[in-house]
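Working notes, structure below.
Chains as they are written, first to last, in our numbering: chain A, 1484 to 1547; chain B, 9 to 190.
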């Protein structure tokens, strides 16, 4: 399989590889696992929230 | 070792384990420090149903003599390490791990098989390595299992986690993982 990424996408991928000490394949596998998990839970009617570190603000991840 | 335990095998284990716990008088949740099993309310059927088909989860089991001797649910994504030397890096999170009640000294006088927990933790480490996480694993422990993770697995104890009912969080780095499986 060939993956065509823009320069910005490749930069993001390489940055994550460095930050996480993972290969490109490993990062993409993680991305797929999380994407599938989020998509499944959202399809079931569950919600995903981001909470700020100080817990003062919470925002819902809305997928349209 | 079964990777991707089928629903029927989980249901069978749940049925057999429940019967043994009931016979031994261990069914139902009891207070920490009591003679009960803190995990006796776990429902592996439900865990299997809620994670089936999800790449972020992996259920492993040890089968011997036609019976499930232990089960473990791993979370493979979305879990970051907390130890300073590996903070922010991915790890395999051991969501649930349980040995069959007939393998527990707290339930039966003579356990049938030993080392079930050790083999499952080694499998979690192996899974971490296969995914490029270098053996990093983490978990929250019930009070009754803390000594196992601290003394037997030699994991680093990072204190009670208020986000997880104050359960103690343990983590293993790459060096600890290598030492454990050696």
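Glycine included, every Cβ here is placed at the ideal spot set by N, Cα and C.
Counting C-beta neighbours from all protein chains within 10 Å, is the total for residue i 16 or more, i.e. buried, or is it exposed?
{"i": "residue 1513 of chain A", "result": "buried"}
{"i": "residue 72 of chain B", "result": "exposed"}
{"i": "residue 148 of chain B", "result": "buried"}
{"i": "residue 101 of chain B", "result": "buried"}
{"i": "residue 56 of chain B", "result": "buried"}
{"i": "residue 1536 of chain A", "result": "exposed"}
{"i": "residue 143 of chain B", "result": "buried"}
{"i": "residue 1531 of chain A", "result": "exposed"}
{"i": "residue 5 of chain B", "result": "The structure shown does not extend to residue 5 of chain B, since chain B is modelled only from 9 through 190, so no value can be given for it."}
{"i": "residue 30 of chain B", "result": "exposed"}
{"i": "residue 190 of chain B", "result": "exposed"}
{"i": "residue 19 of chain B", "result": "exposed"}
{"i": "residue 12 of chain B", "result": "exposed"}
{"i": "residue 22 of chain B", "result": "buried"}
So with Cβ pairs under 7 Å, would you call residue i a contact of chain B?
{"i": "residue 1542 of chain A", "result": "no"}
{"i": "residue 1527 of chain A", "result": "no"}
{"i": "residue 1524 of chain A", "result": "no"}
{"i": "residue 1503 of chain A", "result": "yes"}
{"i": "residue 1481 of chain A", "result": "Since the first residue shown for chain A is 1484 and the last is 1547, residue 1481 of chain A is missing from the structure and cannot be characterised."}
{"i": "residue 1495 of chain A", "result": "no"}
{"i": "residue 1488 of chain A", "result": "no"}
{"i": "residue 1517 of chain A", "result": "yes"}
{"i": "residue 1520 of chain A", "result": "yes"}
{"i": "residue 1491 of chain A", "result": "no"}
Keeping to the same chain, check which residues put their C-beta closer than 7 Å to that of residue i; ignore five residues upstream and five downstream.
{"i": "residue 1496 of chain A", "result": "1488, 1507 and 1510"}
{"i": "residue 2 of chain B", "result": "Only positions 9 to 190 of chain B appear in the structure, and residue 2 of chain B is not among them; the question remains open."}
{"i": "residue 165 of chain B", "result": "158, 176 and 178"}
{"i": "residue 91 of chain B", "result": "164, 179 and 181"}
{"i": "residue 1521 of chain A", "result": "1531"}
{"i": "residue 52 of chain B", "result": "18, 21, 22 and 79"}
At least one CB of chain D closer than 7 Å to the CB of residue i: is that the case?
{"i": "residue 1506 of chain A", "result": "Absence of chain D from the displayed structure is noted, the protein chains being A and B."}
If we define contact as Cβ-Cβ less than 7 Å, is residue i a contact residue for chain A?
{"i": "residue 64 of chain B", "result": "yes"}
{"i": "residue 25 of chain B", "result": "no"}
{"i": "residue 183 of chain B", "result": "no"}
{"i": "residue 140 of chain B", "result": "yes"}
Could you spell out the range, first to last residue, of the beta strand (DSSP E) harbouring residue i?
{"i": "residue 148 of chain B", "result": "145-149"}
{"i": "residue 1542 of chain A", "result": "1541-1544"}
{"i": "residue 1534 of chain A", "result": "1531-1534"}
{"i": "residue 164 of chain B", "result": "164-169"}
{"i": "residue 53 of chain B", "result": "It is not in any beta strand (DSSP E) - residue 53 of chain B instead sits in the alpha helix (DSSP H) that spans 52-59."}
{"i": "residue 1538 of chain A", "result": "Where residue 1538 of chain A is concerned, there is no enclosing beta strand (DSSP E), given that its DSSP letter is neither H nor E."}
{"i": "residue 93 of chain B", "result": "Element bounds for residue 93 of chain B: n/a, residue is neither H nor E."}
{"i": "residue 78 of chain B", "result": "75-83"}
{"i": "residue 100 of chain B", "result": "100-107"}
What residue range is occupied by the uninterrupted alpha helix (DSSP H) comprising residue i?
{"i": "residue 184 of chain B", "result": "182-189"}
{"i": "residue 125 of chain B", "result": "124-138"}
{"i": "residue 1518 of chain A", "result": "1507-1526"}
{"i": "residue 66 of chain B", "result": "Note, residue 66 of chain B: premise wrong, no alpha helix (DSSP H); beta strand (DSSP E) at 65-72."}
{"i": "residue 1493 of chain A", "result": "1490-1503"}
{"i": "residue 2 of chain B", "result": "For residue 2 of chain B there is no data in the structure shown, the boundaries of chain B being 9 and 190."}
Can you name, in chain order, every residue of its own chain whose Cβ lies under 8 Å from the Cβ of residue i, other than the five neighbours on each side?
{"i": "residue 96 of chain B", "result": "88 and 89"}
{"i": "residue 60 of chain B", "result": "15"}
{"i": "residue 32 of chain B", "result": "109, 115 and 116"}
Who are the near neighbours of residue i in its chain, counting only those whose CB is closer than 6 Å to its CB and skipping five residues on each side?
{"i": "residue 80 of chain B", "result": "68, 105 and 128"}
{"i": "residue 185 of chain B", "result": "133 and 143"}
{"i": "residue 1543 of chain A", "result": "1530 and 1532"}
Cβ of residue i versus every heavy atom of the ligand NAD: is any distance shorter than 6 Å?
{"i": "residue 56 of chain B", "result": "With respect to small molecules bound, the structure shown includes none, and the ligand NAD cannot be examined in it."}
Can you pull out the residues from the stretch 90-103 of chain B whose beta carbon lies closer than 9 Å to at least one beta carbon of chain A? Taking 9 Å as the Cβ-Cβ cut-off against chain A, the residues of the stretch 90-103 of chain B that qualify are 94, 96, 97 and 98.
Near-chain A residues of the stretch 77-89 of chain B (beta-carbon distance less than 8 Å), N- to C-terminal order: 84, 85 and 86
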